[in-house]
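Colleague: Starting off with a structure, shown below.
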Amino acid sequence: MKTKWDALIKKYDVAYQEELKALLWSVREIEKAYENKATLEEQEADSWRKVSDRKHLSSGDLAFDGEFRSSVAKLKANLDYAIEELKEDESELKSRVAECARLVKKYEFLRDRDLLEYANARELDEADDLEDWVMNATPD
Numbered sequence: 008m009k010t011k012w013d014a015l016i017k018k019y020d021v022a023y024q025e026e027l028k029a030l031l032w033s034v035r036e037i038e039k040a041y042e043n044k045a046t047l048e049e050q051e052a053d054s055w056r057k058v059s060d061r062k063h064l065s066s067g068d069l070a071f072d073g074e075f076r077s078s079v080a081k082l083k084a085n086l087d088y089a090i091e092e093l094k095e096d097e098s099e100l101k102s103r104v105a106e107c108a109r110l111v112k113k114y115e116f117l118r119d120r121d122l123l124e125y126a127n128a129r130e131l132d133e134a135d136d137l138e139d140w141v142m143n144a145t146p147d
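Have a look at this one:
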């Protein structure tokens with residue numbers, strides 16, 4: 008049986024699903040950013056090892072290595088900024104997901120309460136009808 012709460016339940020359930028998808032996307036993006044940062048750190052460490060293992064370095068090698076490290080540092084800074092932004096988004100999304108879930112539960116409770124009231128009223132009507140029928144029945 009449909010109640011006046013069904014449309015609100017559907018509305019907030021759809022919103023909950025959309026917010027949950029956005030939250031999962033955000034979590035995956037944060038994980039990717041951390042993986043990319045780890046890759047950059049590995050490449051930076053590998054570069055340090057290669058430079059320290061070589062006995063003869065030209066000025067071009069040192070310049071290239073310095074430029075590489077500078078680029079890596081910029082990329083890591085950009086990743087740190089992106090991670091912070093994504094974490095802020097994640098926090099906002101978590102609160103929106105929780106709010107949608109709270110509203111779905113609230114309207115489901117109200118729907119269930121209305122359905123229970125309807126069922127109780129129907130049972131009372133049936134009991135009253137049965138009582139009237141018994142009282143009005145003529146003994147043979």
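Heads up, our numbering is the position in the sequence shown plus 7, with the first residue counted as 1.
By construction, the Cβ of each residue, glycine as well, lies at the ideal position given by its N, Cα and C atoms.
As the structure is a computational prediction, the values presented were derived from the model and not from experiment.
Below 8 Å on the Cβ atoms is my guess for E29 versus L100; work out the distance and round it to an integer in Å.
Modeller: The residue you asked about is not Glu; residue 29 is Ala in the sequence shown. The pair is a contact, with the Cβ atoms about 5 Å apart (cut-off 8 Å).
Colleague: For E26, is the classification buried or exposed, using 16 other Cβ atoms within 10 angstroms of its Cβ as the cut-off for buried?
Modeller: Buried, by the Cβ-count rule.
Colleague: Can you name the start and end residues of the alpha helix (DSSP H) that W32 belongs to?
Modeller: Residues D13 to D60.
Colleague: Of all the options D132, F71 and E42, which has the alpha carbon lying nearest to the alpha carbon of S54?
Modeller: Taking only the C-alpha atoms, the option nearest S54 is F71.
Colleague: Pick helix, strand or coil for A144, following the three-state DSSP scheme.
Modeller: A144: coil per DSSP, three-state reduction.
Colleague: Using a 10 Å radius around the Cβ and a threshold of 16 neighbouring Cβ atoms, would you call V152 buried or exposed?
Modeller: Because the chain here runs from 8 to 147, residue 152 falls outside it and cannot be looked at.
Colleague: Return the Cβ separation of Y114 and W12 in integer angstroms, given the expectation that the two are a contact with Cβ distance under 8 Å.
Modeller: 5 Å between Cβ atoms; contact.
Colleague: Using a Cβ-Cβ cut-off of 7 Å (strictly less than) and excluding sequence neighbours within five positions of Y23, which residues of its own chain qualify?
Modeller: Counting only Cβ-Cβ distances below 7 Å, and skipping sequence neighbours, we find V104, C107, A108 and V111.
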